[in-house]
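Here the structure comes first, spelled out in structure tokens, and everything after it is commentary.
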Amino acid sequence: AQTVTQSQPEMSVQEAETVTLSCTYDTSESDYYLFWYKQPPSRQMILVIRQEAYKQQNATENRFSVNFQKAAKSFSLKISDSQLGDAAMYFCAYRSRGAQGGSEKLVFGKGTKLTVNP
Amino acid sequence: GAVVSQHPSWVICKSGTSVKIECRSLDFQATTMFWYRQFPKQSLMLMATSNEGSKATYEQGVEKDKFLINHASLTLSTLTVTSAHPEDSSFYICSASAVTDTQYFGPGTRLTVL
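Protein chains in written order, with the working numbering: chain A, 1 to 118; chain B, 1001 to 1114.
This is how it looks when you write it as structure tokens:
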């Protein structure tokens, strides 16, 4: 079974600075998806970024980018120019590509609580 | 796009009663919906996966007779907590996906059982 590990229970960053959240995963599959979700105090899960394993190029979304190292099974999230609104729990998640399309379930890490200091 | 709603956002009920939570995909057809439970300061725990028109697939340890899931259409799934007890108090979150790979989440429902 696949597992996702987020080794940093909590992280803090100064506003406007850059922070990197770590995520490693274990799988024997070669084709899969990886995601970062953000859960602010409202508890609404928000998709931050997604990465397809067969794509070597790291995904980026505005201030958010990932460092995807497939051989090392590492998928870290970099947040540049941190803003107060970035404060949230961040969850890393793995999903098999599988044969069932959207029916494949997500495997979540335990999350990293990010605090942004003004 | 890809908006998922949940209703109600917060419900309080008496022990022994049943509560229904609705999950709707507003702007896409969801072939699959997922139901999660989240305890404070913890990650999401998958309870069940439901495909439209089929019986839900429950995760190990989840009582299917207590947590009834119906996915009658491509835009609506419901979770009914039957004979709720205080230990069922939690935050319940649904998500929906189409044939693509991404799950989109609802805003969650806080259930308090007195």
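Note that beta-carbon positions come from the ideal geometry of N, C-alpha and C, so glycine has one too.
All of these numbers come straight from a predicted model, not from anything done at the bench.
The region 51-58 of chain A and the region 1028-1038 of chain B do not touch, with fewer than three beta-carbon pairs separated by less than 8 Å. Exclusion of the five residues before and after A/Tyr25 leaves Val4, Lys73, Tyr94 as the residues of its chain whose Cβ lies within less than 6 Å of its Cβ. The Cβ-Cβ distance between A/Ala88 and A/Gln14 does not fall below 8 Å.
The closest CA to that of A/Leu77, considering only A/Leu34, A/Phe64, A/Glu17, A/Gly111, is found on A/Phe64. Inter-residue distance for B/Ile1093 and A/Thr18 is about 31 Å (C-alpha atoms, whole angstroms). B/Ala1072 places its beta carbon 8 Å or farther from that of B/Ser1025.
Per DSSP, the continuous beta strand (DSSP E) segment holding B/Ala1048 begins and ends at 1044-1051. The beta carbon of A/Gln44 sits closer than 8 Å to some beta carbon of chain B.
For A/Thr24, the uninterrupted beta strand (DSSP E) run begins and ends at 24-26, by DSSP. Assignment of A/Leu84 by DSSP, reduced to helix, strand and coil, places it in the helix class. Contact with chain A is found for B/Ser1043, since one of that chain's Cβ atoms lies less than 8 Å from the residue's Cβ. When the Cα atoms are used, A/Cys23 and A/Cys92 turn out to be separated by approximately 6 Å. For the 8 Å CB-CB criterion, A/Thr115 and A/Ser12 form a contact. At least 8 Å separates the beta-carbon of B/Lys1066 from that of B/Tyr1058. In this structure, B/Gln1006 lies near B/Ile1021, with their beta-carbon atoms less than 8 Å apart. Taken through DSSP and simplified to helix, strand or coil, B/Ser1090 comes out as strand. Leaving aside the five residues that flank A/Phe68 on each side, the residues in its chain whose CB is nearer than 6 Å to its CB run, in chain order, Gln51, Asn58, Phe75.
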